[in-house]
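To start, the structure itself, in structure tokens.
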Amino acid sequence: MAATILDGNKIASEIRAEVASEAKAMTAAGMRPGLAVVLVGHNPASEVYVRGKVKSSAEVGIYSEQHTPPETASTEELLELIAELNARDEIDGILVQLPLPAQVDAKKVLMAVDPAKDVDGFHPMNVGLLSTQRPGLVPCTPAGIIEILKRSKIPIAGQDAVVVGRSDIVGKPTAMLLLNGNATVTVCHSKTRDLPGVCRRADILVAAIGRAGMITREFVKPGATVIDVGMNQVTDRAEFDRLFTGNAKREETFRTRGSTLVGDVHPQVAEVAGAITPVPGGVGPLTIAMLMANTVRAAKLRRGGRIVELSRV
Ligand code: NDP
Numbered sequence: 004m005a006a007t008i009l010d011g012n013k014i015a016s017e018i019r020a021e022v023a024s025e026a027k028a029m030t031a032a033g034m035r036p037g038l039a040v041v042l043v044g045h046n047p048a049s050e051v052y053v054r055g056k057v058k059s060s061a062e063v064g065i066y067s068e069q070h071t072p073p074e075t076a077s078t079e080e081l082l083e084l085i086a087e088l089n090a091r092d093e094i095d096g097i098l099v100q101l102p103l104p105a106q107v108d109a110k111k112v113l114m115a116v117d118p119a120k121d122v123d124g125f126h127p128m129n130v131g132l133l134s135t136q137r138p139g140l141v142p143c144t145p146a147g148i149i150e151i152l153k154r155s156k157i158p159i160a161g162q163d164a165v166v167v168g169r170s171d172i173v174g175k176p177t178a179m180l181l182l183n184g185n186a187t188v189t190v191c192h193s194k195t196r197d198l199p200g201v202c203r204r205a206d207i208l209v210a211a212i213g214r215a216g217m218i219t220r221e222f223v224k225p226g227a228t229v230i231d232v233g234m235n236q237v238t239d240r241a242e243f244d245r246l247f248t249g250n251a252k253r254e255e256t257f258r259t260r261g262s263t264l265v266g267d268v269h270p271q272v273a274e275v276a277g278a279i280t281p282v283p284g285g286v287g288p289l290t291i292a293m294l295m296a297n298t299v300r301a302a303k304l305r306r307g308g309r310i311v312e313l314s315r316v
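Converting from the sequence shown to the numbering used here requires adding 3 to each position, the first position being numbered 1.
Here it is as structure tokens:
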């Protein structure tokens, strides 16, 4: 039987509607949530992401502003900007779009963000709060993965969860959230022995690797839930054929654009999984929705109001 498709666009729009109503109530109480986005230089992909974040803020009623230091900005200049934003009461969230130019000490800049305004959840303070199950700010993509599972009524407690990928941004916080939700969690990486065998134990398999279609059906227990975080552009014809032979719609996209987006999970996995997130339209839309939720959450945590329970397991 074909897998249930977990529709990330639908879940993201539910979350945005909830955030919009929270933001409206806060604005009416004179506490409009505010987000500052720092975009250094002119990386085209970063510009697209930042446009999406600013547009989404406007849609849910969050105040947002963009800061665009030049490509040549120094670490000190960025630290000054972060200090200014930290000090402004109407700014609840500060997001520094990565990557930063090579001359900038990115770790130093990220560490300078006030943990209470760290809506990306990357600051070691928030990492520590997550691992000790205290209220804090959780990275957006992992928080979105949990929302997909919860809102799709997929149980987490007691399940065997396998996360492939151990990055600070996706793999590790996802594993921690699943552990906090009482799953039995295994984290895999490039040195893991018998990756297919380990993955086949999973009731919930999360792929956050960055390799097009690497997780094939041999990695998946029939009926498992598969969360595909990967976003890879396929431009090579042979690679395209390995992934999408016989898929007329993808063929059309590939022919007209010369590329198509694929996750870390091979499309054929949909034939064995019980439920699966598509790419595009799965985890991706949740990332910006959770950034909006985090901004409202940061505003409430910082200004002492009721805590938004979104993204808590
Ligand atoms: P990183 O490159 O930081 O981490 C990749 C992880 O995968 C590493 O832990 C690495 O292991 C592991 N890995 C690489 N090759 C293998 C292999 N052959 N076998 C087992 N493990 C392997 O990537 P990110 O975590 O930042 O991103 C992962 C993917 O998710 C990317 O495709 C990215 O584009 C996408 N992404 C999507 C988002 C969304 O909104 N949908 C948001 C963020 C990321 P090791 O540590 O040993 O090197």
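Note that CB positions come from ideal geometry on N, CA and C, so glycine has one too. Note that the structure is a prediction, hence the values are computed from the model and not measured.
Taking all protein chains shown into account, do 16 or more other C-beta atoms lie within 10 angstroms of the C-beta of Asp171, making it buried, or fewer, making it exposed?
Label assigned to Asp171: exposed.
According to DSSP, what are the bridge partners of Ala164?
Val188 and Ile207
Looking at Ser193 and the ligand NDP, is the gap between the Cβ and the nearest heavy atom below 7 Å?
Yes, Cβ of Ser193 sits closer than 7 Å to a heavy atom of the ligand NDP.
Give the single residue among Met295, Ala302 and Ala301 whose Cα lies nearest to the Cα of Glu21.
Met295
Starting from the C-beta of Gly124, find all residues in its chain whose C-beta is less than 6 Å away, skip the five residues before and the five after it, and write them out in chain order.
Leu140, Val141 and Pro142
So is the beta-carbon of Val223 under 7 Å away from any non-hydrogen atom of the ligand NDP?
no
Can you confirm whether the stretch 226-242 touches the stretch 179-186 when touching is taken to mean that 3 or more C-beta pairs between the two stretches lie within less than 8 Å?
no
In whole angstroms, what separates the C-alpha of Leu42 from that of Glu80?
13 Å
Straight-line CA distance for Gly216 to Ser59?
30 Å
Quick one: give me the first and last residue of the alpha helix (DSSP H) that Thr30 is part of.
Gly11 to Ala31
Got a sec? Which residues, its chain only, sit under 8 Å from Leu317 by beta carbon, not counting five neighbours each side?
This structure cannot settle anything about residue 317, because the visible part of the chain is limited to 4 through 316.
Return the CA-CA distance between Asn129 and Val122, expressed in angstroms with no decimal places.
10 Å
So what's Val268 in DSSP terms, helix, strand or just coil?
strand
Going by DSSP, what residue range makes up the beta strand (DSSP E) through Asn235?
Asn235 to Val237
Suppose you measure from the CA of Ile218 to the CA of Gln236; what does that come to, to the nearest Å?
16 Å
Alpha carbon to alpha carbon, how far is Asn12 from Thr135? Give it in angstroms, no decimals.
31 Å
Just checking my contact of Asp206 with Asp163 at CB under 8 Å: how many whole Å lie between their CB atoms?
Contact holds; Cβ gap of about 5 Å.
Comparing C-alpha positions only, which one of Ala90, Tyr52 and Gly44 sits nearest to Pro73?
Minimum Cα distance to Pro73 is reached at Gly44.
So what does DSSP say about Gly285, is it helix, strand or coil?
coil
Within this structure, are the beta carbons of Asp267 and Gly233 separated by less than 8 Å?
yes
Do the CB positions of Val57 and Ala26 come within less than 8 Å of each other?
no
By the three-class DSSP mapping on this structure, what secondary structure does Val99 have?
strand
Between the Cα of Ile47 and those of Ile65, Ile97 and Pro102, spot the shortest distance and give me the residue it belongs to.
Here residue 47 is Pro; the residue named in the question, Ile, does not match the sequence. Here the closest residue by C-alpha is Pro102.
Tell me whether the stretch 240-257 and the stretch 282-296 touch, counting them as touching only if at least three CB pairs, one residue from each stretch, are closer than 8 Å.
no
Sorted by chain position, which residues of the same chain lie with C-beta nearer than 8 Å to Ala273's C-beta, five sequence neighbours on each side aside?
Ala5, Ala6, Ile8 and Ile279
Answer with buried or exposed for Gln100, where buried requires no fewer than 16 other C-beta atoms within 10 angstroms of its C-beta.
buried
Can you give me the Cβ contacts of Asp117 inside the same chain, cut-off strictly under 6 Å, excluding the 5 residues immediately before and after it?
Asn89
Could you tell me how far apart the beta carbons of Val165 and Cys191 are, in whole angstroms, since I believe they sit closer than 8 Å?
6 Å
Using DSSP bridges, identify the partner residues of His45.
His45 is not bridged to any residue.
Pull up the CB-CB distance for Val51 and Val40, whole angstroms please, since I reckon it's below 8 Å.
Between Val40 and Val51 the Cβ distance is about 13 Å, and since that is not below 8 Å, they are no contact.
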